[in-house]
Amino acid sequence: MKRVVATGTFDILHPGHIYYMEKSRELGDELHVIVARDVNVRHKPAPVVPEEQRLCMIQSLAVVDSACLGDTEDMFRPIEEIDPSIITLGFNQHFSEDSLRKALRDRGIDAEVVRIGAYNGSGYAGSRLIMKRILETRCPGEDGETDNTD
Ligand SMILES: Cc1cc2nc3c(=O)[nH]c(=O)nc-3n(C[C@H](O)[C@H](O)[C@H](O)COP(=O)(O)O)c2cc1C
Ligand SMILES: Nc1ncnc2c1ncn2[C@@H]1O[C@H](COP(=O)(O)OP(=O)(O)OP(=O)(O)O)[C@@H](O)[C@H]1O
Numbered sequence: 144m145k146r147v148v149a150t151g152t153f154d155i156l157h158p159g160h161i162y163y164m165e166k167s168r169e170l171g172d173e174l175h176v177i178v179a180r181d182v183n184v185r186h187k188p189a190p191v192v193p194e195e196q197r198l199c200m201i202q203s204l205a206v207v208d209s210a211c212l213g214d215t216e217d218m219f220r221p222i223e224e225i226d227p228s229i230i231t232l233g234f235n236q237h238f239s240e241d242s243l244r245k246a247l248r249d250r251g252i253d254a255e256v257v258r259i260g261a262y263n264g265s266g267y268a269g270s271r272l273i274m275k276r277i278l279e280t281r282c283p284g285e286d287g288e289t290d291n292t293d
């Protein structure tokens with residue numbers, strides 16, 4: 144049984160997330176997703192959607208076999224529990240493949256690291272991109288654009 148682990152924040156779901164998870168799933172037999180904890184998302188604005196709801200959305204996807212919230216302190220603890228053959232990184236995840244491979248080796252975890260490419264289909268393929276669109280189209284006055292509802 145080849146388990147694949149994918150990780151991310153998944154604040155507002157979009158086609159880029161689905162692409163990343165489908166490509167990850169194709170690498171093995173089961174896809175396990177680790178959802179970033181609210182307290183750990185520090186490299187960008189805090190998530191709008193709380194962690195339990197972000198997890199619930201991911202768990203409901205057909206491509207996902209199992210999903211859990213990450214650990215608040217030790218990112219390798221869930222990995223040790225899942226014991227995957229492969230860990231995928233998304234195209235814009237800030238970890239370098241080599242430093243992640245080294246950290247896994249140091250921790251005694253035998254998993255391959257694979258970088259998945261960017262989705263290049265149509266649609267809004269970024270959580271912040273969707274939020275920007277919401278602000279532009281639904282918050283008249285804040286960005287100079289007008290609302291077209293009455
Ligand atoms: C191998 C691996 C394990 C991770 N484990 C956790 C974890 O246990 N808890 C957590 O909050 N974030 C964990 N993360 C980080 C997030 O899931 C996410 O990848 C990170 O916050 C980058 O967020 P982004 O998807 O917004 O770029 C892990 C990331 C990787 C690559
Ligand atoms: N357009 C995309 N194409 C392929 N993978 C993507 C795309 N957008 C996000 N991912 C991947 O999905 C996972 C979760 O991403 P994350 O929740 O950070 O989404 P995001 O849309 O990039 O968020 P934000 O806009 O807040 O940076 C990460 O591994 C990320 O690389």
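Count along the sequence shown starting at 1, add 143, and that's the number in this note's numbering. Note that beta-carbon positions come from the ideal geometry of N, C-alpha and C, so glycine has one too.
> Taking the C-alpha atoms as reference points, what is the distance between THR215 and ARG180?
Replying inline: Between THR215 and ARG180, the alpha-carbon positions lie close to 6 Å from each other.
> Cα separation between VAL147 and PRO283?
Replying inline: Roughly 43 Å separates the two Cα atoms.
>> Tell me the residue span of the beta strand (DSSP E) that contains GLU216.
In response: Looking at the DSSP string, GLU216 is not in any beta strand (DSSP E), and its letter there is neither H nor E.
> So ILE294 is in the beta strand (DSSP E); what residue range does that whole segment cover?
Replying inline: Lying before the first or after the last residue shown, residue 294 is absent from the chain, which here runs from 144 to 293.
> So is the beta-carbon of ASN235 under 6 Å away from any non-hydrogen atom of ligand 2?
Replying inline: If you check the C-beta of ASN235 against ligand 2, you find a heavy atom less than 6 Å away.
>> So the candidates are SER239, ASP154 and PHE234; which of them puts its Cα closest to the Cα of LEU272?
In response: The shortest Cα separation from LEU272 among SER239, ASP154 and PHE234 belongs to ASP154.
> Terminal residues of the continuous beta strand (DSSP E) containing CYS282?
Replying inline: No beta strand (DSSP E) contains CYS282, which DSSP labels as neither H nor E.
> So, is ALA261 buried or exposed, given that buried needs 16 or more other C-beta atoms within 10 angstroms?
Replying inline: By the Cβ-count criterion, ALA261 is exposed, with fewer than 16 other Cβ atoms from all chains shown falling within 10 Å of its own Cβ.
> Terminal residues of the continuous beta strand (DSSP E) containing ARG146?
Replying inline: 146 to 151 is the span of the beta strand (DSSP E), which, as asked, contains ARG146.
>> For the beta strand (DSSP E) containing SER209, name the first residue and the last one.
In response: It spans 209 to 212 - the beta strand (DSSP E) in which SER209 sits, taken as one unbroken run.
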